[in-house]
Amino acid sequence: MEPTMRHLLFAVPMLLLPLSYSQAHEDDHHHEHEGATSLGAHEHGAARLNAALDGNQLELELISPAMNLLGFEHAAASAADEAKIASVRSQLEQPLALFGLPAAAGCSVSEQQFAGELLGSAHAGYQRGDDHEHKQEDKHDHDDHEAGGHSDIEAHYQLDCSNPEALRALDLTRLFESFPGTEKIQVQLIGPSGQQGTELTPARAQLPF
Numbered sequence: 001m002e003p004t005m006r007h008l009l010f011a012v013p014m015l016l017l018p019l020s021y022s023q024a025h026e027d028d029h030h031h032e033h034e035g036a037t038s039l040g041a042h043e044h045g046a047a048r049l050n051a052a053l054d055g056n057q058l059e060l061e062l063i064s065p066a067m068n069l070l071g072f073e074h075a076a077a078s079a080a081d082e083a084k085i086a087s088v089r090s091q092l093e094q095p096l097a098l099f100g101l102p103a104a105a106g107c108s109v110s111e112q113q114f115a116g117e118l119l120g121s122a123h124a125g126y127q128r129g130d131d132h133e134h135k136q137e138d139k140h141d142h143d144d145h146e147a148g149g150h151s152d153i154e155a156h157y158q159l160d161c162s163n164p165e166a167l168r169a170l171d172l173t174r175l176f177e178s179f180p181g182t183e184k185i186q187v188q189l190i191g192p193s194g195q196q197g198t199e200l201t202p203a204r205a206q207l208p209f
């Protein structure tokens, strides 16, 4: 992964923090609290998506409680649990459909990784940057999950698009349909139109690039 693109993706939450803060203050106190929670804490029904489009390269990072995707957060205890995990992983391996990317954009997956205690090992082809840095992050996340009894699933994608001009919007309709336990997704995007941050739901599932 190109360092500049990786740093751009990981910088998305910090770059959009002032925007998210401003949006939160447009709502009442209750919704402000919900917005802050959706940005950071483990909240069932809520997920986060960071996206960055730079030239012909599209980077996506989905972070969600396992409950939203699997319907449970415990280690697989039956054949049905194992089958569900395999099904979810198979769906996550289809980002073009999951994020509504049009065929006209000519996007193909160059690298991908899935992380999470319940999904097992990550794909070997995906590099997350500085190994030491991410080992420390992974250890911290693992400790947090053990302490709180929660488990998250992370999906990282790098796509090369031969015709990025055809990328008009992220469309999460398929994602919401595939994982009905997901009620809202806090999307933070850097693209040709600049920085954007908004909350998508099944009723409002698109965000223009």
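Anchor point for the sequence shown: position 51 equals 51 in the UniProt record's numbering, and the numbering is continuous, going up by one each time.
Glycine included, C-beta positions come from ideal geometry on N, C-alpha and C.
Would you list the residues sitting across from residue i in a DSSP beta bridge?
i: residue 256; result: Look at the range of the chain in this structure, 1 to 209, and you will see that residue 256 is not part of it.
i: residue 108; result: 160
i: residue 204; result: 201
i: residue 114; result: 155
i: residue 65; result: 152
i: residue 194; result: 191
i: residue 46; result: 184
Under a three-way DSSP split, which group does residue i fall into?
i: residue 91; result: helix
i: residue 80; result: helix
i: residue 75; result: coil
i: residue 212; result: Since the first and last residues shown for the chain are 1 and 209, residue 212 lies out of range.
i: residue 26; result: Summary for residue 26: the model assigns pLDDT 44, below 50, so the residue's position carries little reliability, and this model does not support an answer.
i: residue 96; result: helix
i: residue 175; result: helix
i: residue 101; result: coil
i: residue 70; result: helix
Can you give me the Cβ contacts of residue i inside the same chain, cut-off strictly under 8 Å, excluding the 5 residues immediately before and after it?
i: residue 102; result: 166, 167, 168
i: residue 109; result: 95, 96, 157, 158, 159
i: residue 55; result: 164
Going by CA-CA distance only, name the one from the options that's closest to residue i.
i: residue 188; options: 170, 86, 180, 50; result: 50
i: residue 117; options: 66, 71, 94; result: 66
i: residue 152; options: 54, 194, 59, 71; result: 71
i: residue 104; options: 160, 205, 176; result: 160
i: residue 90; options: 202, 194, 119, 79; result: 119
i: residue 177; options: 100, 58, 53; result: 100
i: residue 53; options: 106, 191, 87, 73; result: 191
i: residue 162; options: 106, 77, 76; result: 106
Take residue i and list the residues in its own chain whose beta-carbon comes closer than 6 Å to its own, dropping the five residues that flank it on each side.
i: residue 183; result: 45
i: residue 62; result: 49, 155
i: residue 16; result: Confidence at residue 16 is low in this model, with a pLDDT of 45, below 50, so its placement is unreliable and the value that follows should be read with caution. Same-chain partners within the cutoff: 188, 195, 197.
i: residue 98; result: 174, 175
Can you give me the Cβ contacts of residue i inside the same chain, cut-off strictly under 7 Å, excluding the 5 residues immediately before and after it?
i: residue 179; result: 68, 69
i: residue 207; result: 169, 170, 187, 189, 196, 198, 200
i: residue 172; result: 99, 100, 185, 200, 205
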